[in-house]
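One structure below.
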Amino acid sequence: MSRIQDCFELAAARFPGRPCLSVAGRVWQYDELQAAQRRIADTLTGVGLAGVPIGLLGEKSFAMFAAMLGVLSSGNAYVPLGLREPPKRLGAQVRQATLAAVLCAPELRGRLRAALDLDDAVRPQVSVEGEALDLVDLRPATTASAGASGLAYLILTSGSTGIPKAVPISHHHAVSFVNALSAVLPVEPSDRVLQAADLSFDLSVGEIFPTWHGGGCVAVPSAEEKLALPPYCEQEKITIWSSVPTLAAAMVSMRAVRTGMLRHLRRSLFCGEALPVSLADAWRCFAPGAELINLYGPTEATVCVTWFRYTGGLPEDLRIVPIGAPLPGVGVRIDPLDGHPDGRGELLLSGDQVAGRYWGDPVATAAAFDDTSAGVWYRTGDVVRLSPDHGLLFVGRRDQQIKMSGFRIDLLEVESHLRALTRAHVAVVPVAQADGRVSGIVAFVEGACSASDLTRMCGEELPPHMVPRRFVPLGELPRTSSGKVDRVRLAKMLQADGSMSERYGD
Ligand code: AMP
């Protein structure tokens, strides 16, 4: 296996008549999806699109999955675009990723036009099983898009400068990841795997390709079904749950899970943000027959790089489930942090899964990747320590990046937009819940401000999850003795304000 789509192609050759995808109330076989993949690949090849990044814009559908595979098998790289991005940021993402074309669901054509200032000329369409996608060719406008051969996909993520960063993942990185994960957590042809993550979040790669590698079926809930996943799991006979912890916490707090609903589950995978022990324990009661696995990793190292099987019985002082041991082939190093005698430090990663650079951004690349004689090391920004019994323990971040409901947000990106809008000193602070998860972000603004104006203006620059839920005017931002904004004091001010906290389960 040398290309990521080989996961699918090899299974399609072995099990043509088996189900590979369940989406929008219909189940598709491997040979059906393969025929659609070929149709899309032929269309792209027919117009000379090869070795370039191609955007995907649309809700998850049969056509979108066929497009993802068709882009790959025609020698291009796929770039999932966020569905909730305002036009300005969507345009910035398209430019950052140097897209040569976009395969776009017709109902989102207007959004793409607004983002890129395109004319409303009719675009050619490619149709699979009655579902059409517009092929929006951007080549006359983007000249720098060549050079993507060897690349499987680009994931766009929040960047501290206000411009999104694009992480280029090659076929080698992606295949190395699938092989490493499958070595420790294999998927069987009888498995039905929950695919809840958006395609623009790389957890989707971890849900889709290892499943096809094992000959299993990817089950995609609709937005409505995502609100009540346990009944969906029961109806779809899901055997492998995969989600960010926040999604499971929502099910528990809404009391949407009842004993027995998850009886088909043989494995629960959590990834993308810290997993509180309290949530893991609650989940184990609902799915007692399933092993519970905590996966950890940044997009820059292809989905996940460490894993931990949780069986309970952790020491009282551990509130977060360990991130455990590296996957095969992953190198880990802890760079000690000054003034912390307990051995905590920043986690650095190397090996075949590490991207090694950002797309077209040498400054961000130099800041995050150390190119040494011992290989390329990615500085994760995550603070960890090593436990002799449980492997790596996640402690927190050393910068202003947070995870909220699985979304990665660099608070400096929000601040940079807010500063430009207000021309004032600003600080954006996460609202932490009792179990450590983040439920929102709040902006402190020096001087007077109108919350409704700022909410509207931020909404024109940022997707909804990056718009602060409150704007608090302050005469002056608190400062530390070195003159920096005192974020700890701001966080304490939020904690003191009980109206910001939420609880799940009792
Ligand atoms: P992303 O690139 O969106 O996948 O986000 C990567 C970041 O999410 C990591 O650098 C961590 O800060 C956080 N993260 C991912 N998985 C875990 C986990 N299992 N435990 C704690 N933090 C995690």
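Be aware that the sequence shown starts at 868, since it is given in our numbering, and climbs by one per residue.
In this text, a Cβ means the ideal position worked out from N, Cα and C, and glycines have one as well.
Predicted model, so just to flag it, every value in this text is computed and none were measured.
Cutoff 6 angstroms; reference residue i; Cβ partners in own chain excluding five residues on either side
i	result
Tyr1099	Pro1088, Glu1092
Arg1134	Ile1107, Ala1157, Glu1158
Pro947	Leu923, Leu1066, Ser1067
Leu1018	Ala944, Pro1035, Ser1037
Gln901	Ala879
Asp1058	Gly1083, Thr1106, Ile1107
Closer than 8 angstroms: residue i CB and nearest the ligand HEM heavy atom
i	result
Ala1234	Among the ligands present in this structure, namely the ligand AMP, the ligand HEM is not found.
Beta-carbon spacing of residue i, residue j below 9 angstroms
i	j	result
Glu1213	Thr1247	yes
Val1085	Cys887	yes
Val1293	Leu1344	yes
Ile871	Phe1076	yes
Pro1208	Val1199	no
Ala917	Ser889	no
Gly925	Leu957	no
Pro1189	Ala1050	no
Pro954	Ala981	yes
Val1072	Ala1041	yes
Arg893	Phe929	yes
Val1250	Leu1204	yes
Leu1052	Leu1132	no
Ala1064	Gly1127	no
Asp1004	Val914	yes
Ala903	Val995	yes
Ser1043	Thr1239	no
Ala1047	Gln1220	yes
Cutoff 8 angstroms; reference residue i; Cβ partners in own chain excluding five residues on either side
i	result
Gln992	Pro973, Ala999, Leu1000, Asp1001, Leu1002
Gly1191	Asn1161, Tyr1163, Thr1173, Trp1174, Phe1175, Arg1176, His1257, Gly1258, Leu1259
Ala1363	none
Ile1308	Ile1269, Met1271, Ile1276, Leu1278, Val1281, Val1295, Val1296, Pro1297, Val1298, Met1333, Pro1335, Arg1336
Ala1358	Val1296, Pro1297, Ala1299
Asp873	Val1042
Close beta carbons around residue i, own chain, < 7 angstroms, minus the five adjacent residues each side
i	result
Tyr1371	Caution is warranted here: a pLDDT of 33 is assigned to Tyr1371, below 50, making its placement in the model unreliable, and no coordinate value can be reported.
Thr1028	Ser1283
Asp1353	Pro1345, Arg1346, Thr1347
Phe882	Tyr897, Pro1056, Gly1082
Gln1267	Asp1277, Leu1278, Leu1279
Arg976	Asp1001
Thr1166	Ile1022, Thr1024, Val1034, Asp1069
Val1124	Pro1097, Met1118, Phe1153
Ile1030	Ala959, Gln963
Tyr1225	Lys1032, Ala1033, Val1034, Ala1231, Thr1232
Ser1217	Gly1198, Gly1242, Val1243, Trp1244
Lys927	Val890, Leu1066, Val1087
Opposing strand residues paired with residue i [DSSP bridges]
i	result
Phe1137	Ser1110, Asn1161
Gly1212	Pro1203, Val1251
Thr1173	Tyr1163, Pro1193
Thr1126	Paired residues: none, contrary to the question.
Pro920	Ala944
Asp1238	Val1243
Ala1301	Partner(s): none; Ala1301 has no beta bridge.
Val1293	Val1312
Arg1275	Lys1270
Cys971	Leu924, Asp1001
Ile1187	Pro1143
Ser1217	Gly1198
Cβ-Cβ separation, residue j to residue i (assumed contact under 8 angstroms), whole Å
i	j	result
Met935	Leu950	Rounded, the Cβ-Cβ distance is 15 angstroms, inconsistent with contact.
Val961	Leu983	6 angstroms
Pro920	Ala967	6 angstroms
Asp1111	Gly1273	Before going on, a small fix: residue 1111 reads as Val here, not Asp. 3 angstroms between Cβ atoms; contact.
Val1144	Arg1186	6 angstroms
Val1305	Phe1338	Actually they are not in contact, since the Cβ atoms of Val1305 and Phe1338 sit about 18 angstroms apart, beyond 8 angstroms.
At what residue ranges does the segment 1057-1120 contain a whole run of the beta strand (DSSP E), taking only runs of 3 or more? Counting whole runs of 3 or more residues, the segment 1057-1120 contains the beta strand (DSSP E) stretches 1059-1061, 1084-1087, 1107-1110.
Ignoring anything shorter than 3 residues or poking outside the segment 990-1045, list the beta strand (DSSP E) runs there in chain order. Counting only unbroken stretches of 3 or more residues, the beta strand (DSSP E) elements lying wholly within the segment 990-1045 are 992-995, 998-1004, 1018-1024, 1032-1037, in sequence order.
Report the start-end ranges of each alpha helix (DSSP H) in the segment 1307-1358 that is 4 residues or longer and not cut off at the edges. Runs found: 1318-1328.
Length at least 3, wholly inside the segment 874-916: the beta strand (DSSP E) runs in chain order: Counting whole runs of 3 or more residues, the segment 874-916 contains the beta strand (DSSP E) stretches 886-890, 893-896.
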